[in-house]
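Comments concern the structure below.
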Amino acid sequence: MLNRRQMLSLTGSLAVMGTLPARLALADVPTDARFVLAIQRGAMDGLHAVPPYADPGYKALRGSLALGDTGGADSVLDLDGKFGLHPTLTELKSWYDKGELLVVHAVATPYRERSHFDGQDLLENGTTQPHAGNSGWLNRAIGLMGGGDRRLGLALGPEVPLALRGNTAVASWAPEKLPAAAPDFVNLVQAMYAKQPALQAVLRQAVDADQMAAAAVGSNAGMGALRPGNAARILAESGGRLLAQPNGPRIAVLELQGWDTHTNQNGRMAQALTQMNDALAALKAALGPIWAKTVVLTATEFGRTARPNGSNGTDHGTATALFLGGGAVEGKRVVTNWPGLDSAQLYQNRDLAPTTDFRSVAKAVLHAHLGLPQDALDRVVFPGSAGAKPLTDLVRV
Amino acid sequence: MTAALLAANRFGLGSRPGELAAIGGDPRGWLKAQLDPRNALPATIAALPGTEKRLETLPTLMGDPADAQKKLAQAILKAAREQVPEDSAARLQAAITSKTPLVERLTAFWSNHFTVSGARPVAAGLIGPYEAEAIRPHLFGRFVDLLKAATLHPAMLLYLDNATSVGPNSRAGTRRGKGLNENLARELMELHTLGVDGGYTQADVTELAKILTGWTIRRPNQPQRAIAAERGGAVFIPAIHEPGDKVLLGKTYRDQGENEADVALEDLARRPATARFIATKLARHFIADDPPPAAVTTLAETFTKTGGDLTAVYSKLVDLDAAWAGDGKYRSPYDWVVAIFRAFAADTPERARRAVQAMNQLGQRLYFAPSPAGWPDDSASWLAPESLLARVDYAEAVGRTRGESDPMQLADLSVGPSLSTESKLSIQRAPSRSDAVALLLISPEFLRR
Numbered sequence: 001m002l003n004r005r006q007m008l009s010l011t012g013s014l015a016v017m018g019t020l021p022a023r024l025a026l027a028d029v030p031t032d033a034r035f036v037l038a039i040q041r042g043a044m045d046g047l048h049a050v051p052p053y054a055d056p057g058y059k060a061l062r063g064s065l066a067l068g069d070t071g072g073a074d075s076v077l078d079l080d081g082k083f084g085l086h087p088t089l090t091e092l093k094s095w096y097d098k099g100e101l102l103v104v105h106a107v108a109t110p111y112r113e114r115s116h117f118d119g120q121d122l123l124e125n126g127t128t129q130p131h132a133g134n135s136g137w138l139n140r141a142i143g144l145m146g147g148g149d150r151r152l153g154l155a156l157g158p159e160v161p162l163a164l165r166g167n168t169a170v171a172s173w174a175p176e177k178l179p180a181a182a183p184d185f186v187n188l189v190q191a192m193y194a195k196q197p198a199l200q201a202v203l204r205q206a207v208d209a210d211q212m213a214a215a216a217v218g219s220n221a222g223m224g225a226l227r228p229g230n231a232a233r234i235l236a237e238s239g240g241r242l243l244a245q246p247n248g249p250r251i252a253v254l255e256l257q258g259w260d261t262h263t264n265q266n267g268r269m270a271q272a273l274t275q276m277n278d279a280l281a282a283l284k285a286a287l288g289p290i291w292a293k294t295v296v297l298t299a300t301e302f303g304r305t306a307r308p309n310g311s312n313g314t315d316h317g318t319a320t321a322l323f324l325g326g327g328a329v330e331g332k333r334v335v336t337n338w339p340g341l342d343s344a345q346l347y348q349n350r351d352l353a354p355t356t357d358f359r360s361v362a363k364a365v366l367h368a369h370l371g372l373p374q375d376a377l378d379r380v381v382f383p384g385s386a387g388a389k390p391l392t393d394l395v396r397v
Numbered sequence: 398m399t400a401a402l403l404a405a406n407r408f409g410l411g412s413r414p415g416e417l418a419a420i421g422g423d424p425r426g427w428l429k430a431q432l433d434p435r436n437a438l439p440a441t442i443a444a445l446p447g448t449e450k451r452l453e454t455l456p457t458l459m460g461d462p463a464d465a466q467k468k469l470a471q472a473i474l475k476a477a478r479e480q481v482p483e484d485s486a487a488r489l490q491a492a493i494t495s496k497t498p499l500v501e502r503l504t505a506f507w508s509n510h511f512t513v514s515g516a517r518p519v520a521a522g523l524i525g526p527y528e529a530e531a532i533r534p535h536l537f538g539r540f541v542d543l544l545k546a547a548t549l550h551p552a553m554l555l556y557l558d559n560a561t562s563v564g565p566n567s568r569a570g571t572r573r574g575k576g577l578n579e580n581l582a583r584e585l586m587e588l589h590t591l592g593v594d595g596g597y598t599q600a601d602v603t604e605l606a607k608i609l610t611g612w613t614i615r616r617p618n619q620p621q622r623a624i625a626a627e628r629g630g631a632v633f634i635p636a637i638h639e640p641g642d643k644v645l646l647g648k649t650y651r652d653q654g655e656n657e658a659d660v661a662l663e664d665l666a667r668r669p670a671t672a673r674f675i676a677t678k679l680a681r682h683f684i685a686d687d688p689p690p691a692a693v694t695t696l697a698e699t700f701t702k703t704g705g706d707l708t709a710v711y712s713k714l715v716d717l718d719a720a721w722a723g724d725g726k727y728r729s730p731y732d733w734v735v736a737i738f739r740a741f742a743a744d745t746p747e748r749a750r751r752a753v754q755a756m757n758q759l760g761q762r763l764y765f766a767p768s769p770a771g772w773p774d775d776s777a778s779w780l781a782p783e784s785l786l787a788r789v790d791y792a793e794a795v796g797r798t799r800g801e802s803d804p805m806q807l808a809d810l811s812v813g814p815s816l817s818t819e820s821k822l823s824i825q826r827a828p829s830r831s832d833a834v835a836l837l838l839i840s841p842e843f844l845r846r
């Protein structure tokens, strides 16, 4: 299986199609920086992942979901005397201690309703309305980076998330579950699609990504099928290796699952956070020295209710926390305009109140780390977002 | 594509040997004749154990101490491991062999609309019976009855957490300090009835959650006197129902115990936003990703005029000229796999198990939709690079086992005159019969319906 389609790109398909872009031998490298967006689908509870454990209202408000601060195994990992990390986030704690992690707390997109699906759509489309277009903000950002035919964007998983969909071609990668078709057969299919530009383009992207993956990741044998428990780690590790390639992609999207904790939240959050922690550890390890040039941003559609619901869980809320990690991050800080936890300080007496716009964080990364001009960020990447000023000094420039 | 092929592919699940002859010159009549409750429950599916039988073998969820929770989780996972493969194979075998494929398509459509996903293991073992008991019997009746059956089925109550939602002022709520879980109430309005722009607020979500409290699954050793009503394996427990009036979408609901949910669901089913939402989803499924607005309007009008008579809506859909025009839809992995198995009349249970495996490999694991919104129903979501390459891989693998087939005969049967010149030449010039068969399956025409 190893490199099984590499031959294809060098032989048959050029003859068949004649229009393949030069792929691995690319001169025009727009940036050396790497960026990973980790989308937490289902709405991560920021008060659980990064508890404001020293806030006087914390214990009473959170009830059965409050974490201890006594230093025991179930205690928060202290960050700054006010906030801590959930005890499963040991890798993130080590980043923090090295200055490679910062937390932004009480953050939210402009979305103020509580539908997962609309919330995710808006998080990814980069506008202030759900379903306001068919392209994602990261795709538009990549389009501005001037990579030519080169696929700078990479979806980790079989489907391309909205954040990466749009006019700029991106690659996707997932471990194969099926024995690969023979290169000759793929050529026959490409020839059959001669008058089907859409299918042809998609198949060509797939072959490109596959070829790059074969070079970077090697054989997938032994990786096994993706399962909910290991998918994020496998995809993160492979993504790290692909991003580490000198001519590989620069920007990847990883999806993290398990956040919709309406019931039994203590157990389910521990599981989801462990999987995230392990995935991010695998990503860093796979990036090797490239970690120094990397920024990882987590993003979720919204937060959850500040108080527990009737099932030891939480329902859909508003503000949450996000992580900004990587060797290029100016870390060891919790960045927040903390709104407080009193009933009157909660949003609609229900949710953590939003005080930082998610776009202010994303724009800061795209500007300072990937070099995109401010004006384009305000108008194209996040249209109409001039009011959401980018935070400063998040990234080492 | 001929009208008979459109009937077989777009409305059905892919043409089988002999099907075009059965359709003959009256494709609309062939489809309408299928709209009959007697076709709703294939015998192989009726033979599987039902919800009540399965729940007997499961301890249940609520209020158990920690190690009981662990045992419960293990029991649920074990049940799911044993039952999901059997349920999945039965469902795909029914789809592959069906002589009334529109019925199977509608089953899958509504099962996806009212998604219960095994992604929450607690519900996985009940999805098969949920389809058999809540979806199929109401396919041809009124939407409101389908809505009630789906909402109050134990699988849905577990999947969207109503089983653990407690009225804060109910007897159980005040005694144990428990409260609402609004998961089902929100998805019920957003995904099952009104749609996200249907005009409800956070307050409405909370009020509907109160209305739904009390509907749960039977707990072990629960005394019969605690139960005020039973329905299809679900029970209504007054001690956890939120007392007092509720105000949903401007209407006050007096405390009526178990009847409150029924009345609220009837009201939701009647709202114009629901008619519009259902009409849009049906039109998107059968006509195009962006369906013609006129078609949506017509279907919504029929829905409203007939009080949500689904057979009337399907008939109107079949009568619409727009439903027989256009490029149709890119097949989802389910559609594509079932169409392949139907083309080969691969009818045995063993084949059905392979079809289950294929769907899993192609990224649409049956009964495991990623969220309560179900699987996407548009081309962009399925036409991703990795997914298409997986189909190429799978087509080649099928071709290798089907080298004895006559590819052009298979093409006549499955896509007919719509086969493009490029596809035809590719198939005719293929280096082997296996490759020729595989090329047909991955041809642009076979990828659409």
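Here the protein sequences come in this chain order: A and B.
Residue numbers for the first sequence follow the working numbering, beginning at 1 and rising by one.
Residue numbers for the second sequence follow the working numbering, beginning at 398 and rising by one.
Beta carbons: idealized from backbone N, C-alpha and C, even for Gly.
The beta strand (DSSP E) with residue i in it runs from where to where?
i	result
Ala-171 (chain A)	171-173
Val-36 (chain A)	34-40
Thr-613 (chain B)	612-614
Leu-759 (chain B)	Neither: Leu-759 (chain B) is in no beta strand (DSSP E) and is coded neither H nor E.
Arg-609 (chain B)	Note that residue 609 (chain B) is Leu in the sequence shown here, rather than Arg. Careful: Leu-609 (chain B) lies outside any beta strand (DSSP E), inside the alpha helix (DSSP H) at 599-609.
Gly-771 (chain B)	No beta strand (DSSP E) contains Gly-771 (chain B), which DSSP labels as neither H nor E.
For residue i, which beta-bridge partners are listed by DSSP?
i	result
His-105 (chain A)	A:Ala-321
Arg-628 (chain B)	B:Ala-631
Val-316 (chain A)	Here residue 316 (chain A) is His; the residue named in the question, Val, does not match the sequence. Looking at the DSSP assignment, His-316 (chain A) forms a beta bridge with A:Arg-304.
Lys-643 (chain B)	B:Tyr-650
Arg-845 (chain B)	B:Tyr-727
Ala-75 (chain A)	The identity of residue 75 (chain A) in the sequence shown is Ser, whereas the question assumes Ala. Answer is A:Gly-68, bridged to Ser-75 (chain A).
Alpha helix (DSSP H) containing residue i: first to last residue?
i	result
Thr-694 (chain B)	690-702
Glu-416 (chain B)	416-420
Leu-588 (chain B)	Careful: Leu-588 (chain B) lies outside any alpha helix (DSSP H) and carries neither H nor E.
Gly-239 (chain A)	231-244
Ile-737 (chain B)	730-740
Gln-826 (chain B)	According to the sequence as given, residue 826 (chain B) is Arg; it is not Gln. Premise fails: Arg-826 (chain B) is in no alpha helix (DSSP H) and is neither H nor E.
Ala-440 (chain B)	440-443
Glu-501 (chain B)	498-510
Asp-524 (chain B)	In the sequence on display, residue 524 (chain B) carries Ile and not Asp. 524-527 is the span of the alpha helix (DSSP H), which, as asked, contains Ile-524 (chain B).
Ile-251 (chain A)	Where Ile-251 (chain A) is concerned, there is no enclosing alpha helix (DSSP H), although the beta strand (DSSP E) it sits in stretches over 251-256.
List the residues of chain A whose Cβ lies closer than 8 Å to the Cβ of residue i, in chain order.
i	result
Gln-619 (chain B)	Those do not exist, as Gln-619 (chain B) stays about 18 Å from chain A at its closest Cβ, beyond 8 Å.
Asn-509 (chain B)	Ordered by position in chain A, no residue passes the 8 Å Cβ test against Asn-509 (chain B), which lies about 14 Å from the chain.
Quick one: which chain A residues come within Cβ less than 7 Å of residue i?
i	result
Lys-575 (chain B)	Gly-310
For residue i, return the contacting residues in chain B, with the cut-off set at a CB-CB distance below 9 Å.
i	result
Phe-358 (chain A)	The contacting residues do not exist; Phe-358 (chain A) stays about 20 Å from chain B at best.
Val-253 (chain A)	Simply none; closest approach about 12 Å.
Gln-129 (chain A)	Per Cβ cutoff of 9 Å: no residues; Gln-129 (chain A) is ~11 Å from chain B at best.
Ala-206 (chain A)	Ala-781, Pro-782, Glu-783, Ser-784, Leu-785, Leu-786, Ala-787, Val-789
Output needed for residue i: all residues of its chain with C-beta closer than 6 Å, excluding positions within five of it in sequence on either side, in chain order.
i	result
Val-848 (chain B)	Outside the shown range of chain B (398 to 846) lies residue 848 (chain B), about which nothing can therefore be said.
Ala-272 (chain A)	Gly-258, Trp-259
Arg-379 (chain A)	none
Arg-359 (chain A)	Phe-382, Ser-385, Ala-388
Leu-26 (chain A)	Since pLDDT at Leu-26 (chain A) reaches only 34, below the 50 mark, its modelled position is unreliable, and no value is offered.
Please list the partners that residue i has in chain B, where partner means a Cβ-to-Cβ separation under 7 Å.
i	result
Leu-188 (chain A)	Ser-823, Ala-827, Asp-832, Leu-836
Leu-102 (chain A)	Simply none; closest approach about 30 Å.
Ser-343 (chain A)	In chain order: nothing, as chain B lies at least about 16 Å away.
Report the neighbours of residue i on chain A: residues whose CB is nearer than 9 Å to its CB, in chain order.
i	result
Ser-514 (chain B)	Neighbours of Ser-514 (chain B) on chain A: none; closest Cβ ~11 Å, over 9 Å.
Excluding the five sequence neighbours on either side, which residues of its own chain have a C-beta within less than 7 Å of the C-beta of residue i, listed in chain order?
i	result
Ile-848 (chain B)	Nothing about residue 848 (chain B) can be reported from this structure: the residues present for chain B run from 398 to 846 only.
So with CB distances below 8 Å, who are the chain B contacts of residue i?
i	result
Gly-147 (chain A)	What Gly-147 (chain A) touches in chain B: nothing, since even the nearest Cβ is about 17 Å away.
Output needed for residue i: all residues of its chain with C-beta closer than 8 Å, excluding positions within five of it in sequence on either side, in chain order.
i	result
Ser-172 (chain A)	Leu-154, Ala-155, Leu-156, Gly-157, Pro-158, Glu-159, Val-160, Gln-205, Ala-206, Ala-209
Can you list the residues of chain E that residue i reaches, using a CB-CB cut of under 9 Å?
i	result
Ser-75 (chain A)	The structure shown contains no chain E; the protein chains it does contain are A and B.
Near-chain A residues of the region 590-614 of chain B - C-beta to any C-beta below 8 Å:
Taking 8 Å as the Cβ-Cβ cut-off against chain A, the residues of the region 590-614 of chain B that qualify are Val-593, Gln-599, Val-602.
Chain-ordered residues of the region 38-51 of chain A with a beta carbon less than 7 Å from chain B:
Flagged: no residues at all.
Contacting positions in the region 658-684 of chain B - beta carbon closer than 9 Å to chain A
Correct list: empty, as no residue qualifies.
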